[in-house]
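Undergrad:
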Amino acid sequence: MTERQKVLVIDDEIINLKVISSILRDDVDVILAKSGEQGIRKAIELIPDLILLDVMMPGMDGFETMTQLRHDVRTCAIPIIFITALGNEIHEEKGLLLGASDYIQKPLHTNIVRARIQLHLKLVKQQRMLERLANIDPLTSLANRRKYQDVISMEWDVAISNQSLISMAIIDIDNFKQYNDCHGHAAGDRVLQQVADVFSKQFSHETHLVARYGGEEFVVLLPGLLEEESLAIMCNCLKAVEQLDLPYHSDDQRVGIVTISVGGATCRPSSSHDIDTFFRSADKMLYLAKKEGKNRVCWTRDDDSQNLKSLLEDQNN
5 MTERQKVLVI
15 DDEIINLKVI
25 SSILRDDVDV
35 ILAKSGEQGI
45 RKAIELIPDL
55 ILLDVMMPGM
65 DGFETMTQLR
75 HDVRTCAIPI
85 IFITALGNEI
95 HEEKGLLLGA
105 SDYIQKPLHT
115 NIVRARIQLH
125 LKLVKQQRML
135 ERLANIDPLT
145 SLANRRKYQD
155 VISMEWDVAI
165 SNQSLISMAI
175 IDIDNFKQYN
185 DCHGHAAGDR
195 VLQQVADVFS
205 KQFSHETHLV
215 ARYGGEEFVV
225 LLPGLLEEES
235 LAIMCNCLKA
245 VEQLDLPYHS
255 DDQRVGIVTI
265 SVGGATCRPS
275 SSHDIDTFFR
285 SADKMLYLAK
295 KEGKNRVCWT
305 RDDDSQNLKS
315 LLEDQNN
């Protein structure tokens, strides 16, 4: 079922709110606000797809409301249509220079209002589809490296601001080159897709991110989780991949099943940390997991190099 789009209407006139709501309510979810201040609060809380904003309002007018919306990272990308009785070209130019997507003149005509809003909502859908395609790995449908880099930068800043923990895991499919040599790259691609499907189910929480980093390597971000919580999630992931029971053969003999190795790190970021060092800590743990025999998780607390945990999970457990 397609999720209905949301339109926020900010207007101090109750009659205008009622008229616009009656025009739109069959097509979208309508959110109403009676002032600029209330509209800003609802925009931040509910993140609508489109905002209809009256220009002439007491107190904070439409221009000031829009300026504040444009200066907030949470609302700056939401398209805004001005609704106004003003016929002054200077006012229209001012609104467009502030970043308004369109103008609708009062008195409101139902067909024009609906047509313009449908056009802008369609553009919103198209823009989000393009953004999604730009951030998705086409083979696995997981996030791609570009998306990971955007998210880690944001979560790192949040963790510093909140003095909270962040965990990272780097995952590598064991013996993947040998699997490709035995079965061919098409079969290898199918393995990547099946393993990625496991990851998408294991990391379904909205704050978790799993991305294909490159080749058979994946990276996971787990903001706000304790080291023990992150380690437990990755061990469950290890078992879930084993349970796929994907065999690989050599000379018609089964020589094993597809498994993964995981290296992870947890830290509380500060000005003395940086993302690249954090990534290298997790990567060193991945190297250790491979060295110790693969099909295991190795973890470290990055701000305490002596606190190293290594856990082996094999198919007999």
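Position one of the sequence shown corresponds to residue 5 (our numbering), numbered consecutively onward. Using N, Cα and C, we set each Cβ at its ideal position, and we do this for glycine too. Predicted model only: the values in this text are computed from it and were never measured.
#1: Taking 8 Å as the threshold, find out whether the region 73-80 comes into contact with the region 21-29 through three or more Cβ pairs.
#2: Exposed or buried, what is serine 145 when buried is set at 16 or more other beta-carbons lying within 10 Å of its beta-carbon?
#3: Please specify which runs of the alpha helix (DSSP H), each continuous and at least 4 residues long, are wholly inside the region 144-207, giving them in chain order.
#4: With a cut-off of 8 Å on the beta carbons, I'd call valine 223 and methionine 172 a contact; round off their distance for me.
#5: Please determine, among Met61, Tyr183, Ile35, Pro273, the residue with the shortest C-alpha to C-alpha distance to glutamate 49.
#6: Please return the same chain residues whose Cβ sits closer than 8 Å to the Cβ of isoleucine 279, not counting the five positions on each side in sequence.
#7: By how many angstroms is the C-alpha of alanine 244 removed from the C-alpha of valine 202?
#8: With distance defined between alpha-carbon atoms, name the residue in Lys22, Ile19, Pro273, Leu57 nearest to leucine 12.
#9: Name the DSSP bridge partner or partners of glutamine 9?
#10: Is asparagine 299 near alanine 215, with beta carbons less than 8 Å apart?
#11: Using the Cβ count rule (16 or more neighbours within 10 Å means buried), how would you classify alanine 163?
#12: Note down, in chain order, each residue of its chain lying with its Cβ closer than 7 Å to the Cβ of histidine 277, except the 5 sequence neighbours on either side.
#13: Cβ of lysine 110 within 8 Å of Cβ of proline 52?
#14: Per the DSSP calculation, threonine 270 is bridged to which residue(s)?
#15: Look up leucine 235 in the DSSP assignment and say whether it is helix, strand or coil.
#16: Assign glutamate 2 to one of three DSSP states: helix, strand, or coil.
#17: State buried or exposed for glycine 66, treating a residue as buried only when at least 16 other CB atoms are found within 10 Å of its CB.
#18: Quick check on leucine 57: does DSSP put it in helix, strand or coil?
#19: Residue range of the beta strand (DSSP E) that leucine 225 falls in?
#20: Could you check the C-alpha separation between isoleucine 87 and arginine 132 for me, to the nearest Å?
#21: Excluding the five sequence neighbours on either side, which residues of its own chain have a C-beta within less than 8 Å of the C-beta of glycine 85, listed in chain order?
#22: Hey, valine 117 and isoleucine 24: beta-carbon distance below 8 Å or not?
#23: Ends of the beta strand (DSSP E) at glutamine 109?
#24: Could you tell me whether the Cβ atoms of proline 273 and isoleucine 177 are closer together than 8 Å?
#25: With distances taken between CB atoms, is the gap from leucine 226 to glycine 267 smaller than 8 Å?
#26: Could you tell me the alpha carbon to alpha carbon distance between histidine 187 and valine 195, rounded to whole angstroms?
TA: According to the data block:
#1: no
#2: Here the question's residue 145 lines up with position 141 in the sequence shown. Its Cβ having fewer than 16 others within 10 Å, serine 145 is exposed.
#3: Complete alpha helix (DSSP H) runs here, min 4: 149-166, 180-187, 189-206.
#4: In the sequence shown, counting from the first residue as 1, residue 223 sits at position 219. In the sequence shown, counting from the first residue as 1, residue 172 sits at position 168. Correct: roughly 7 Å between the Cβ atoms.
#5: Within the sequence shown, numbered from 1, the residue matching residue 49 stands at position 45. It is Ile35.
#6: Taking the first residue of the sequence shown as 1, we reach residue 279 at position 275. Same-chain partners within the cutoff: Ile156, Ser157, Trp160.
#7: Working through the sequence shown from its first residue, we reach residue 202 at position 198. Working through the sequence shown from its first residue, we reach residue 244 at position 240. Straight-line Cα distance between these residues: approximately 7 Å.
#8: Numbered from 1 along the sequence shown, position 8 holds the residue referred to as residue 12. Leucine 12 has its Cα closest to that of Leu57, out of Lys22, Ile19, Pro273, Leu57.
#9: In the sequence shown, the residue the question calls residue 9 occupies position 5. Paired residues: none, contrary to the question.
#10: Numbered from its first residue, the sequence shown carries residue 299 at position 295. Numbered from its first residue, the sequence shown carries residue 215 at position 211. Against a cut-off of 8 Å, the Cβ pair of alanine 215 and asparagine 299 comes out as no contact.
#11: Along the sequence shown, read from residue 1 onward, the residue named residue 163 stands at position 159. Buried: at least 16 other Cβ atoms inside 10 Å.
#12: If you number the sequence shown from 1, residue 277 lands on position 273. Result list for histidine 277: Cys271, in chain order.
#13: As a position in the sequence shown, residue 110 is number 106, starting the count at 1. As a position in the sequence shown, residue 52 is number 48, starting the count at 1. Contact: no.
#14: For the purposes of this step, residue 270 is taken as residue 266 along the sequence shown, with counting starting at 1. Answer by DSSP bridge pairing, in chain order: Ser171, Arg305.
#15: Within the sequence shown, numbered from 1, the residue matching residue 235 stands at position 231. Helix.
#16: Since the first residue of the chain shown is 5 and the last is 321, residue 2 is not available in this structure.
#17: Position 62 of the sequence shown, counting from 1, holds the residue named residue 66. By the neighbour-count rule (16 or more Cβ atoms within 10 Å), glycine 66 is buried.
#18: Taking the first residue of the sequence shown as position 1, residue 57 is located at position 53. The answer is strand: DSSP assigns leucine 57 an E or B state.
#19: Taking the sequence shown and counting its residues from 1, the one referred to as residue 225 is at position 221. For leucine 225, the enclosing beta strand (DSSP E) begins and ends at 221-227.
#20: Locating residue 87 in the sequence shown gives position 83, counting from the first residue. Locating residue 132 in the sequence shown gives position 128, counting from the first residue. When rounded, the separation of the alpha-carbon atoms in isoleucine 87 and arginine 132 is 25 Å.
#21: Numbered from its first residue, the sequence shown carries residue 85 at position 81. Residue identity check: residue 85 is isoleucine in the sequence provided, not glycine. Closer than 8 Å at the Cβ level, and outside the excluded window around isoleucine 85, lie Leu54, Ile55, Leu56, Leu57, Ala104, Ser105, Asp106, Tyr107, Ile108, Arg120, Ile121, His124.
#22: In the sequence shown, residue 117 corresponds to position 113, counting from 1. In the sequence shown, residue 24 corresponds to position 20, counting from 1. Yes.
#23: Taking the sequence shown and counting its residues from 1, one reaches residue 109 at position 105. Where glutamine 109 is concerned, the enclosing beta strand (DSSP E) stretches over 106-109.
#24: Numbered from 1 along the sequence shown, position 269 holds the residue referred to as residue 273. Numbered from 1 along the sequence shown, position 173 holds the residue referred to as residue 177. For proline 273 and isoleucine 177, no; Cβs fall outside 8 Å.
#25: The residue labelled residue 226 in the question sits at position 222 within the sequence shown. The residue labelled residue 267 in the question sits at position 263 within the sequence shown. Against a cut-off of 8 Å, the Cβ pair of glycine 267 and leucine 226 comes out as no contact.
#26: Indexing the sequence shown from 1 puts residue 187 at position 183. Indexing the sequence shown from 1 puts residue 195 at position 191. Using only the alpha carbons, I get a separation of about 11 Å.
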